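In this note's numbering, the protein residues as written are 118 to 273.
Even for Gly, the Cβ is constructed at its ideal location relative to N, Cα and C.
Keep in mind that this is a model prediction, so the values were computed, not measured.
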Amino acid sequence: MDAVYAGSFDCYTNGHHDIVRKASRLFDRLHIVIAVNTAKSRTYPAERMAEAICAVLARDNITNCTVDVCTTLVAEYCSENGIDYFVRGLRNNLDYNYEENVAEVNKLVIPSMETIYFRSDTPAISSSMVKELHFFGKDVSSYVPPEVWQCICEAE
């Protein structure tokens with residue numbers, strides 16, 4: 118049974134990795150998909166972030182995950198790869214309300230699609246928060262895996 122965990126992952130945080138650890142124990146294969154949103158500019162190159170995520174997975178010996186960069190709709194990626202499960206992380210009730218709307222749209226596009234939610238053990242961490250703190254010179258190294266911290270430092 119395969120699942121997809123998609124997001125911009127700009128940048129990949131300890132919160133994201135918490136969800137990956139949990140989901141990788143449930144599914145045979147977890148596809149971590151860096152979804153490139155053409156309406157948003159990225160802070161960190163998607164390909165470089167994919168390399169950093171792969172390094173984090175290797176360090177933690179999580180072997181049933183793949184990392185892909187996707188420039189199409191994630192639903193199309195799922196259809197092309199025979200994936201019917203969509204993994205999402207929840208930090209709070211605001212995330213839940215947003216994710217429920219996304220799940221409904223995914224179900225319209227792929228009727229067999231099911232969304233599985235995982236609660237994050239790090240609810241205060243978000244990519245936006247990490248980028249904002251870093252922009253103002255704060256140390257964010259404890260909010261991201263070391264491999265991602267290296268990626269952030271390279272981008273300066």
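Top-ranked residue by Cα proximity to residue i, from the options
i, options, result
"residue 268", "162, 204 and 147", "162"
"residue 196", "256, 148 and 142", "148"
"residue 230", "194, 206 and 209", "194"
"residue 202", "215, 223, 189 and 273", "223"
Nearest-angstrom Cα separation, counted from residue j out to residue i
i, j, result
"residue 254", "residue 226", "42 Å"
"residue 165", "residue 130", "14 Å"
Delimiting residues of the alpha helix (DSSP H) encompassing residue i
i, result
"residue 286", "This structure cannot speak to residue 286, because the chain is shown only from 118 to 273."
"residue 242", "Note, residue 242: premise wrong, no alpha helix (DSSP H); not H, not E."
"residue 128", "Careful: residue 128 lies outside any alpha helix (DSSP H) and carries neither H nor E."
"residue 184", "Segment 182-187 is the beta strand (DSSP E) holding residue 184; no alpha helix (DSSP H) there."
First and last residue of the uninterrupted beta strand (DSSP E) at residue i
i, result
"residue 152", "146-152"
"residue 207", "202-207"
"residue 124", "119-124"
"residue 135", "No beta strand (DSSP E) contains residue 135, which is instead part of the alpha helix (DSSP H) from 131-143."
"residue 194", "Careful: residue 194 lies outside any beta strand (DSSP E), inside the alpha helix (DSSP H) at 191-197."
Residues near residue i in its chain [Cβ-Cβ closer than 6 Å; skip 5 each side]
i, result
"residue 204", "120, 122, 140 and 233"
"residue 184", "149, 167, 170 and 171"
Chain-order list of residues whose beta-carbon lies under 7 Å from that of residue i (same chain, five-residue window excluded)
i, result
"residue 152", "123, 124, 125, 187 and 191"
"residue 238", "135"
"residue 257", "247, 250 and 251"
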